[in-house]
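**Q** Numbering (the numbering used here), first residue to last: 3 to 193.
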Amino acid sequence: MKKPAVFIDRDGTINEQMGYINHISRFKILPGVAEAFKILNKEGFLAIIVSNQSGVARGYFPIELVNDVHFFLKDSLLKEGAFIDGIFFCPHYPQGKIAEYALECTCRKPKKGLIDQACETFDIDIPRSYMIGDHYTDIELADRANIKGILVKTGYGAGVVEYNLPHMSIKPNYLADDLLAAVRWICKKVN
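1) Is there contact here, the region 31 to 41 with the region 114 to 122, by at least three beta-carbon pairs under 8 Å?
2) If I measure Cβ to Cβ from Lys30 and keep anything under 8 Å in the same chain, skipping five residues before and after, which residues do I get?
3) Which residue wins for smallest C-alpha separation from Phe9, given the options Lys190, Leu143, Tyr62?
4) Could you check if Gln97 is buried or exposed, using at least 16 other CB atoms within 10 Å of its CB as the buried criterion?
5) State the start and end residues of the unbroken alpha helix (DSSP H) segment that holds Ser53.
6) Counting only runs of 4+ residues fully inside the region 99 to 179, write out the alpha helix (DSSP H) ranges in chain order.
7) With Phe91 as the anchor, note down where its beta strand (DSSP E) starts and where it stops.
8) How should Ala101 be labelled, buried or exposed, when 16 other C-beta atoms within 10 angstroms of its C-beta is the threshold for buried?
9) Between the alpha carbons of Ser56 and Trp187, how many angstroms are there, rounded?
10) Specify, as a first and last residue, the run of the alpha helix (DSSP H) that Ile188 falls within.
11) Examine the Cβ distances between the region 127 to 138 and the region 154 to 174 and report whether three or more of them are shorter than 8 Å.
12) Let me check one thing: in DSSP terms, what residues is Val8 bridge-paired to?
13) Just the Cα atoms here: how many angstroms apart are Tyr2 and Lys99?
14) Going by the CB atoms, is the gap between Thr15 and Gly181 shorter than 8 Å?
15) I'd like the list of long-range same chain contacts for Phe47, defined as Cβ closer than 6 Å, with 5 residues on each side in sequence excluded.
In structure tokens, the structure reads:
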């Protein structure tokens, strides 16, 4: 049976936006994140992270660090009684220094390759799914994938709301203060 998914950006939405997370000590989970995942788990949504991690292609850090950060995140949430169903990330950047990852791909947001990968892994009810992120590319991704997009004001979100969004043709379905507020709005819509 198909389940709706909530696709969630990582940097700026789940953790503090501080540029490239080039060391595990720089990964700081935002308040309310564990509670947001707990609600998604309880309400029957697939909680799936989709994230651009071009620092790999740029040579800022190895792909193993991305995996270590994701292990740390999953472990931290499990300790709070929450879990992540899947994590999909794009390590590519066409002008990167690491040849293996310096390529044009279909997975770099706002392209929808990460959502396509998730759909190959899970039986996802796309019309009932959402995308939450702090960047305009997250809203563009939602539009391309035919899902509802929510822009959070954490990370780059406040600046996007004030300076970019008024001039953009694609608008989010909802503006939320943070991930927890976005998840609560989703649950009100479906219940």
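Where is the CB? At the ideal position from N, CA and C, for every residue including glycine.
**A** Inspection of the coordinates gives the following:
1) Counting Cβ pairs under 8 Å, fewer than three are found: no touch.
2) To locate residue 30, count along the sequence shown from 1; it is residue 28. Result list for Lys30: Asn17, Glu18, Met20, in chain order.
3) What you label residue 9 is simply residue 7 of the sequence shown in a count that begins at 1. Scanning Lys190, Leu143, Tyr62 for the CA closest to the CA of Phe9 turns up Leu143.
4) Here residue 97 corresponds to residue number 95 of the sequence shown, with the count starting at 1. Classification of Gln97: exposed, given that the 10 Å Cβ count is below 16.
5) The residue given as residue 53 occupies position 51 in the sequence shown. For Ser53, no alpha helix (DSSP H) run applies; the uninterrupted beta strand (DSSP E) run containing it begins and ends at 48 to 54, by DSSP.
6) Within the region 99 to 179, the complete alpha helix (DSSP H) segments at least 4 residues long are 115 to 123, 138 to 146, listed from N- to C-terminus.
7) Numbered from its first residue, the sequence shown carries residue 91 at position 89. Boundaries of the beta strand (DSSP E) harbouring Phe91: 88 to 92, taken from the DSSP string.
8) Residue 101 sits at position 99 when you count from the first residue of the sequence shown. The residue in question, Ala101, is exposed, as its Cβ has fewer than 16 Cβ neighbours within 10 Å.
9) Translated into the one-based positions of the sequence shown, residue 56 becomes position 54. Translated into the one-based positions of the sequence shown, residue 187 becomes position 185. Going from the Cα of Ser56 to the Cα of Trp187 covers about 31 Å.
10) Reading the sequence shown from its first residue, position 186 is the one you call residue 188. 181 to 192 is the extent of the alpha helix (DSSP H) around Ile188.
11) Taking 8 Å as the limit for Cβ pairs, the verdict is that the region 154 to 174 does touch the region 127 to 138.
12) Within the sequence shown, residue 8 is the residue found at index 6, counting from 1. Beta-bridge partners assigned by DSSP to Val8: Ala49, Tyr132.
13) The structure shown does not extend to residue 2, since the chain spans only 3 to 193, so no value can be given for it.
14) Walking along the sequence shown from the start, residue 181 turns up at place 179. Walking along the sequence shown from the start, residue 15 turns up at place 13. A quick correction: the sequence has Leu, not Gly, at residue 181. In this structure, the beta-carbon distance from Leu181 to Thr15 falls below 8 Å.
15) Looking up residue 47 in the sequence shown gives position 45. Leaving aside the five residues that flank Phe47 on each side, the residues in its chain whose CB is nearer than 6 Å to its CB run, in chain order, Pro6, Val8.
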